[in-house]
Amino acid sequence: MSITAHDLTPSRLKQGDLKQLAETTANPCVSILMRTHRSGAATQQDAIRFKNLLGEARQKLKEAGNDCSILALVESLTTNSDFWQYQVEGLALFLTSENCRLIKLQRSVDEHVSVSDSFFLLPLVSQQNAGDSYFVLALTWDEAKLFRSAGDVLKLVETQSLPAKYHDLVLPRDPEENLQNTSHRSVGNNGGPSKAMFHGHGEGEGKIQADRDRYLSLVGDEVSEAIYNTGTALVVVATAEVAGHFEAATGLTADVKIEGSPSRWSDDEMRNRVNEAVAEQINAGGIDYAERFGTALAQSKGSKDIEEIVTAAKLGRVESVMVCCSNADLDQVNVIVGETLRQGGDVFSCEAEHMPDDAAVAAIFRY
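Given below as structure tokens:
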């Protein structure tokens, strides 16, 4: 077995992960999903539950005539107390004889063990589409803070320069001096763009705006570096004026904008506003898909019949599919999810109230 201990470090679910997992086929593919806890005595119970789930996986491997030695490496986690003290709301394990993926889930999941020739990915669709992972930039003319979601909690992100006050980034200097900037390259930057600490003076509206633009530009650089290649949405919390200048100065476009000054809100109030705004966007996406599905159905390019969609997915006909786990035959819908992802289609999840006619699945066909 080529798996190493390094493979036992959990990662976040990133854009592209589902497709990569869907493209993995082996005999066997072991999937284990479980709820976990962040701290306290419950973390010890998590290790016990994991041991029990491994026992269930072992039994299923035996019943399928497979070698149970595939579980050998991950069995070490049952006695690794440090591992269980650094979890979030859920954990997904995907194991073959050649590879192991551990993924931290920002929302709890039902316990599930499967042994098949492909992974059980259905619960991860809702994780990917539920807005569980996003960055939040709280921005005013005086201060910039970057957060990352962890379930319903926002955790402060510390970059090279953030969080920062305005004058941490734009230092006041003698009014007679010309506008200057000094570049500071961090060790190990590998030739990347340098960080600049700007110095300006405060006379004249033009110079004030120039300093503000430089402040926003520096903040934008830090945010860009933090979110680069993560596939994670950006939520900007700022007044309309600040948000407009930020977008103009940096070229960064927020996936969600929340208008208001974060300096006037408590941490709880900002978190609630962010969660509400993200939820509204997700619901809007479900409503939009329902409208598109209705049009496709009228043109005989859509279906909510599971058997028909399974066949279409295997033929590569499914352009996109919306699933509702609470209404679904899990195994059949998991087949649809896997085949659609393998064929380059899109998979979404939403609550039952946004599914067309209370269907478990709603697919739009390519042809």
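So the number in this note's numbering is just where the residue sits in the sequence shown, counting from 1, plus 1.
Where a beta carbon is used, it is the ideal one built from N, C-alpha and C, also for glycine.
Three-state class that DSSP yields for residue i in the structure shown
{"i": "Val89", "result": "coil"}
{"i": "His113", "result": "strand"}
{"i": "Leu96", "result": "strand"}
{"i": "Met356", "result": "coil"}
{"i": "His185", "result": "At His185 the pLDDT is 38, less than 50, meaning the model places this residue with poor confidence and gives no usable figure here."}
{"i": "Gly346", "result": "coil"}
{"i": "Ala375", "result": "Shown here, the chain extends from 2 to 368; a query on residue 375 therefore has no answer."}
{"i": "Leu19", "result": "helix"}
{"i": "Arg265", "result": "helix"}
{"i": "Phe84", "result": "helix"}
{"i": "Arg39", "result": "coil"}
{"i": "Gly303", "result": "strand"}
{"i": "Ser162", "result": "coil"}
{"i": "Ser12", "result": "strand"}
{"i": "Glu270", "result": "helix"}
Selection from the options that minimises the alpha carbon distance to residue i
{"i": "Trp266", "options": "Phe366, Leu140, Lys208 and Asp358", "result": "Leu140"}
{"i": "Ala299", "options": "Ala239, Val257, Ala364 and Cys326", "result": "Ala364"}
{"i": "Cys115", "options": "Asn28, Gln45 and Phe294", "result": "A small correction: the amino acid at residue 115 is Ser; Cys does not occupy that position in the sequence shown. For Ser115, the nearest C-alpha among the options comes from Asn28."}
{"i": "Cys325", "options": "Lys305, Leu342 and Gly91", "result": "Lys305"}
{"i": "Lys20", "options": "Pro357, Ile337 and Met356", "result": "Ile337"}
{"i": "Ser109", "options": "Gln88, Arg102, Thr341 and Glu144", "result": "Gln88"}
{"i": "Glu308", "options": "Ser127, Gln333, Phe294 and Ser134", "result": "Gln333"}
{"i": "Thr79", "options": "Ala48, Ala353 and Arg39", "result": "Ala48"}
{"i": "Tyr135", "options": "Lys52, Gly17 and Asp256", "result": "Asp256"}
{"i": "Val154", "options": "Arg59, Asp212, Val275 and Gln128", "result": "Val275"}
{"i": "Arg36", "options": "Ser350, Cys101 and Asp111", "result": "Asp111"}
{"i": "Ile33", "options": "Ser40, Thr233 and Leu125", "result": "Leu125"}
{"i": "Ala241", "options": "Gly261, Ala145 and Asn53", "result": "Gly261"}
{"i": "Asp323", "options": "Leu123, Thr25, Ser77 and Lys63", "result": "Note on residue identity: the sequence assigns Met, not Asp, to residue 323. It is Leu123 whose Cα lies nearest to the Cα of Met323."}
{"i": "Leu9", "options": "Ser127, Asn53 and Asn100", "result": "Asn100"}
{"i": "Ser162", "options": "Leu219, Ile288, Leu138 and Cys351", "result": "Leu219"}
Residue i - containing beta strand (DSSP E), residue span
{"i": "Val236", "result": "Ala234 to Ala239"}
{"i": "Leu342", "result": "Per DSSP, Leu342 belongs to no beta strand (DSSP E); it is in the alpha helix (DSSP H), Leu331 to Arg343."}
{"i": "Glu309", "result": "From DSSP, Glu309 is part of no beta strand (DSSP E) but of the alpha helix (DSSP H) over Ile307 to Lys315."}
{"i": "Leu74", "result": "Leu74 -> no beta strand (DSSP E), and no H or E assigned at all."}
{"i": "Leu140", "result": "Tyr135 to Leu140"}
{"i": "Glu320", "result": "Val319 to Val324"}
{"i": "Lys156", "result": "Val154 to Val158"}
{"i": "Val260", "result": "Position check: residue 260 holds Glu in this sequence, whereas Val was assumed. Run containing Glu260: Val257 to Glu260, per the beta strand (DSSP E) assignment."}
Start-to-end residues for the alpha helix (DSSP H) that takes in residue i
{"i": "Glu64", "result": "Ala43 to Glu64"}
{"i": "Leu219", "result": "Glu206 to Ile228"}
{"i": "Tyr167", "result": "Tyr167 to Leu170"}
{"i": "Lys105", "result": "Careful: Lys105 lies outside any alpha helix (DSSP H), inside the beta strand (DSSP E) at Cys101 to Leu106."}
{"i": "Leu34", "result": "Note, Leu34: premise wrong, no alpha helix (DSSP H); beta strand (DSSP E) at Cys30 to Arg36."}
Any non-hydrogen atom of the ligand MG within 7 Å of residue i CB
{"i": "Asp306", "result": "This structure simply doesn't include the ligand MG, nor any ligand for that matter."}
Length of the line joining the Cα atoms of residue i and residue j
{"i": "Asp169", "j": "Leu147", "result": "15 Å"}
{"i": "Arg318", "j": "Val224", "result": "39 Å"}
{"i": "Leu14", "j": "Asp68", "result": "29 Å"}
{"i": "Ser321", "j": "Glu277", "result": "26 Å"}
{"i": "Ala412", "j": "Asp269", "result": "Lying outside 2 to 368, the shown extent of the chain, residue 412 is not represented and no answer is given."}
{"i": "Val158", "j": "Ile310", "result": "42 Å"}
{"i": "Phe296", "j": "Asp347", "result": "The amino acid at residue 296 is misidentified as Phe; the sequence shows Thr. C-alpha separation (whole angstroms): 18 Å."}
{"i": "Val31", "j": "Asp118", "result": "8 Å"}
{"i": "Val236", "j": "Lys258", "result": "6 Å"}
Cβ-Cβ separation, residue j to residue i (assumed contact under 8 Å), whole Å
{"i": "Ala250", "j": "Asp214", "result": "5 Å"}
{"i": "Phe247", "j": "Gly221", "result": "7 Å"}
{"i": "Pro11", "j": "Leu92", "result": "7 Å"}
{"i": "Ser264", "j": "Asp143", "result": "7 Å"}
{"i": "Asp330", "j": "Ala353", "result": "Not a contact, Cβ separation roughly 15 Å."}
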